[in-house]
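Protein sequences, first through last, are from chains C and Z. Just add 9 to wherever you are in the first sequence, counting from 1, and you've got the working numbering. Just add 65 to wherever you are in the second sequence, counting from 1, and you've got the working numbering.
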Amino acid sequence: MLNTKKQPVISIDGGAMFFAHPYLSQTQLDTARRTAEGIGQAMAQMQTRAIGVSPYDLTAGTNFLLRLAKKNKLSLLSANLYADKGKQPIFRPYLLTKAGNMTVALIGLTGSLPGNQQHRQYHILPWQQVLPGVLKKINNKADLIILLSSAPPRTNEEIARKFNDIHIIFQSGQGNGNQPPLNINNTLLCQAASRGKSLGILKIDWNPSRIWSDNDPDQLKNTENRLDRIRWQVGRMQKRHQPEELKNNLQYQRLIRGEAELEQKIKKLKQQKNDATGFLCRFHNSFIAMETSIPEDKAVKAIVDRTRREVNTINRRRQQELRKRREKQRQTTNSSQQTGPFANMAGSRICKKCHSAQVAFYLQTDHARAWQTLVDKDQQYNPDCISCHVTLPTYEKKLTGREELLTNIPERLQGVGCETCHGPALMHSLDPENILPGKPEKSTCLQCHTKKRDKNFNFTRKLDGIRCPAG
Amino acid sequence: MQNQHRKLAAFPLFFLGIFLVILPGATNSLAAEKKITILYGNDIRGELEPCG
């Protein structure tokens, strides 16, 4: 796909790679640290040249991140993250690196903590204070200057307007989608969707002028086609109407304005195309969706699988500790009656007695396999996953705590069973004539089939697929 | 003998040809546009935290 012999390739990231949340409890921190270590190993395996440090990456502290960087020989960059009373940045502010016959300068910029909070152990200096000094040091040493920024998009736009020495800003996108390069004051602002949904590929033909032009070969052709269509429409209207009529015809006037704008745009694009052979820097950007059809790198897969297994083991040990503690508590209080969100849940096996055809149908659906899919991915002890892979009443999904999910799901409720859609069935099984099950609504499904997890979810279509036969 | 002189004369011409033709071509390609491909967004956390 990428011919590295013809064109050197470097891989970088704006930050927010290692942790998903800036604040975690002590119990969550153990698994989060192990996950971060796996990410560090994978990034090193993929020869990532540099990564910006985001405030999210500091969840386990700066020492953890420094050790991780050293162990994996990763360049973590931040020009503005300082120890509380320190006079030097904690991480390297910038890196000068070679890529083929180009020298590239990569600068790290750490954004503020969520809510602009202050941290006891370090402080984040304003970009206005640090960037001029860094740029002065890099001046004339690099062909291309790139900022790896975890600052918000508005701040990055402000930086682009202030410094035309910075040629590209890669921003880390927390919860945002792909953003093709936006040219502000000769700085390209780029962003790929978070969580690795897409890979951004920016191909650059660099020129000492350091002035960007869009190299999209289709843009000129598409614009010319649009102009042709507008001219055809203008010609048709001129044939059908008198000139006096056309003066007051809004559609005709709009077409004439559009024609003039496109002619200007084509003139500019042609000029750029002619200039580009000797003067302008060209780029072409594309995003590749990281789908399962793309072959995996074996070494990276091994790191991912190993990390998942070890995180699963940490969670399993946690589960055992919590269960022992609960058992002791039960013995102390002499309580045997089951309470909590599962008290009225019967499990799908009970439904089979009266609804065998429906249960037989259900067993063929993905809902029935939901628990097994967790086991297959070593995620059955992951509290983040469990609530959508077990049978829980809808109203309990958000209320049920992580510890409860980890320790107390009985085997009969593993998998997304009948009661997820129809509500708790224990009372219905005891009095089926008078206590009737419910029907699922769209809101039931959307608790788990969120846009983030299932962007193509269509309630009507999916409901047809899982609707049990009548009777 | 004359042929030998011709061969000897051809030698410096041969090397002159290299300097005049081949080397400028090579230096031209070195001075050509600088190209680079940058990969970004290569985040594998989605693989490790599929439900997060």
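The C-beta atom is built at its ideal place from N, Cα and C for all residues, glycine as well.
Bridge partners for residue i per DSSP, in chain order?
i, result
"Cys199 of chain C", "C:Phe179"
"Cys290 of chain C", "C:Trp221"
"Ser207 of chain C", "C:Ala298"
"Gln188 of chain C", "C:Gln200"
"Ile101 of chain Z", "C:Ile213"
"Leu5 of chain C", "Here chain C has residues from 10 to 480 only, and residue 5 of chain C is not among them."
"Thr57 of chain C", "C:Ser20"
"Ala92 of chain C", "C:Tyr131"
"Pro98 of chain C", "C:Tyr91"
"Ile303 of chain C", "DSSP output for Ile303 of chain C lists no bridge partner at all."
"Val399 of chain C", "C:Gln423"
"Leu104 of chain C", "C:Leu115"
"Leu85 of chain C", "C:Ile60"
"Ile193 of chain C", "C:Thr196"
Hey, residue i and residue j: beta-carbon distance below 8 Å or not?
i, j, result
"Ala169 of chain C", "Trp136 of chain C", "no"
"Ile312 of chain C", "Gln54 of chain C", "yes"
"Ala201 of chain C", "Gly106 of chain Z", "yes"
"Gln61 of chain C", "Gly117 of chain C", "Checking the sequence shown, residue 61 of chain C turns out to be Gly, not Gln. Taking 8 Å as the Cβ cut-off, Gly61 of chain C and Gly117 of chain C qualify as a contacting pair."
"Asn230 of chain C", "Ala298 of chain C", "Here the sequence assigns Lys to residue 230 of chain C, which means Asn is not the residue at that position. Their beta carbons are not under 8 Å apart, which means Lys230 of chain C does not touch Ala298 of chain C by this criterion."
"Lys99 of chain Z", "Met111 of chain C", "yes"
"Ser63 of chain C", "Ser181 of chain C", "yes"
"Thr57 of chain C", "Ile21 of chain C", "yes"
"Leu197 of chain C", "Ile177 of chain C", "yes"
"Pro31 of chain C", "Tyr65 of chain C", "yes"
"Cys430 of chain C", "Thr453 of chain C", "yes"
"Asn216 of chain C", "Leu289 of chain C", "yes"
"Asn89 of chain C", "Val18 of chain C", "no"
"Pro478 of chain C", "Gln329 of chain C", "no"
"Glu412 of chain C", "Leu331 of chain C", "yes"
"Val309 of chain C", "Ala379 of chain C", "no"
"Ile220 of chain C", "Asn257 of chain C", "no"
"Leu67 of chain C", "Leu77 of chain C", "no"
"Ala59 of chain C", "Leu144 of chain C", "no"
"Ala108 of chain C", "Ile101 of chain Z", "yes"
"Phe317 of chain C", "Asp237 of chain C", "The sequence given here places Arg at residue 317 of chain C; Phe does not occur at that position. The answer is no: Cβ separation not under 8 Å."
"Met354 of chain C", "Leu422 of chain C", "yes"
"Leu85 of chain C", "Val113 of chain C", "no"
"Cys457 of chain C", "Cys360 of chain C", "no"
"Gly271 of chain C", "Arg235 of chain C", "The displayed chain sequence assigns Leu, not Gly, to residue 271 of chain C. Their beta carbons are under 8 Å apart, which means Leu271 of chain C touches Arg235 of chain C by this criterion."
"Gly267 of chain C", "Ile303 of chain C", "no"
"Ala69 of chain C", "Leu38 of chain C", "yes"
"Glu166 of chain C", "Ile133 of chain C", "no"
"Ile475 of chain C", "His364 of chain C", "no"
Would you grab the beta carbon distance between residue i and residue j for me? Rounded to a whole angstrom, and I think it's under 8 Å.
i, j, result
"Leu401 of chain C", "Cys394 of chain C", "Leu401 of chain C to Cys394 of chain C, Cβ: 13 Å. No contact."
"Ala51 of chain C", "Ile109 of chain Z", "5 Å"
"Arg291 of chain C", "Ser218 of chain C", "Actually they do not touch by this definition, with Cβ atoms about 11 Å apart."
"Ser158 of chain C", "Gly244 of chain C", "So it is not a contact: roughly 50 Å between Cβ atoms."
"Val320 of chain C", "Thr36 of chain C", "Between Thr36 of chain C and Val320 of chain C the Cβ distance is about 13 Å, and since that is not below 8 Å, they are no contact."
"Leu264 of chain C", "Gln280 of chain C", "Contact flag wrong, Cβ pair sits at about 25 Å."
"Ile155 of chain C", "Phe179 of chain C", "7 Å"
"Asn324 of chain C", "Thr40 of chain C", "6 Å"
Give the residues of chain Z in contact with residue i, contact being defined as C-beta atoms less than 7 Å apart.
i, result
"Gln16 of chain C", "Lys100, Ile101, Thr102"
"Arg204 of chain C", "Asp108, Arg110, Gly111"
"Asn443 of chain C", "None at all; the shortest Cβ gap to chain Z is about 38 Å."
"Asn324 of chain C", "Within 7 Å Cβ-Cβ: nothing; Asn324 of chain C doesn't reach chain Z, min ~12 Å."
"Asn391 of chain C", "Cys116"
Can we count residue i as close to the ligand PLP, meaning its CB is less than 7 Å from some heavy atom?
i, result
"Pro64 of chain C", "Absence of the ligand PLP from the depicted structure is noted, as is the absence of any ligand whatsoever, leaving it without description."
What does residue i reach in chain Z if we use C-beta pairs closer than 9 Å?
i, result
"Met354 of chain C", "Within 9 Å Cβ-Cβ: nothing; Met354 of chain C doesn't reach chain Z, min ~21 Å."
"Met246 of chain C", "The contacting residues do not exist; Met246 of chain C stays about 46 Å from chain Z at best."
"Ile21 of chain C", "Ile103, Leu104, Tyr105, Asn107"
"Asn81 of chain C", "Simply none; closest approach about 13 Å."
Against residue i, what residues of chain Z qualify as contacts under a CB-to-CB distance less than 8 Å, listed in chain order?
i, result
"Gln388 of chain C", "Pro115, Cys116"
"Thr57 of chain C", "Asn107"
"Cys394 of chain C", "Pro115, Cys116"
"Ser452 of chain C", "The contacting residues do not exist; Ser452 of chain C stays about 20 Å from chain Z at best."
"Met26 of chain C", "Asp108, Arg110"
field: Contacting positions in the stretch 101-122 of chain C - beta carbon closer than 8 Å to chain Z
entry: Those residues of the stretch 101-122 of chain C that come within reach of chain Z (Cβ to Cβ, closer than 8 Å) are Ala108, Gly109, Asn110, Met111, Val113.
- prompt: Between the stretch 178-202 of chain C and chain Z, which residues of the former have a C-beta closer than 7 Å to a C-beta of the latter?
  reply: Phe179, Cys199, Ala201, Ala202
- prompt: What residues in the stretch 457-472 of chain C bring their beta carbon closer than 8 Å to a beta carbon of chain Z?
  reply: Arg462
task: Could you please tell me which residues of the stretch 301-318 of chain C, in chain order, have their CB closer than 8 Å to any CB of chain Z?
output: Within the stretch 301-318 of chain C, the qualifying residues are Val309, Val313, Thr316, Arg317.
query: Along the stretch 31-55 of chain C, what residues have a CB closer than 7 Å to any CB found in chain Z?
result: Thr44, Gly47, Ile48, Ala51, Met55
- request: Can you give me, in chain order, the residues of the stretch 205-219 of chain C that have a beta carbon less than 8 Å from any beta carbon in chain Z?
  value: Gly205, Lys206, Ser207, Leu208, Gly209, Ile210, Leu211, Lys212, Ile213, Asp214, Trp215, Asn216
query: the stretch 241-272 of chain C: which residues have C-beta closer than 7 Å to a C-beta of chain Z, in chain order?
result: none
task: Identify each residue in the stretch 140-155 of chain C for which the Cβ-Cβ distance to at least one residue of chain Z is less than 9 Å, and report them in chain order.
output: If you check each beta-carbon in the stretch 140-155 of chain C against every beta-carbon of chain Z, the ones closer than 9 Å belong to Asp152, Leu153, Ile155.
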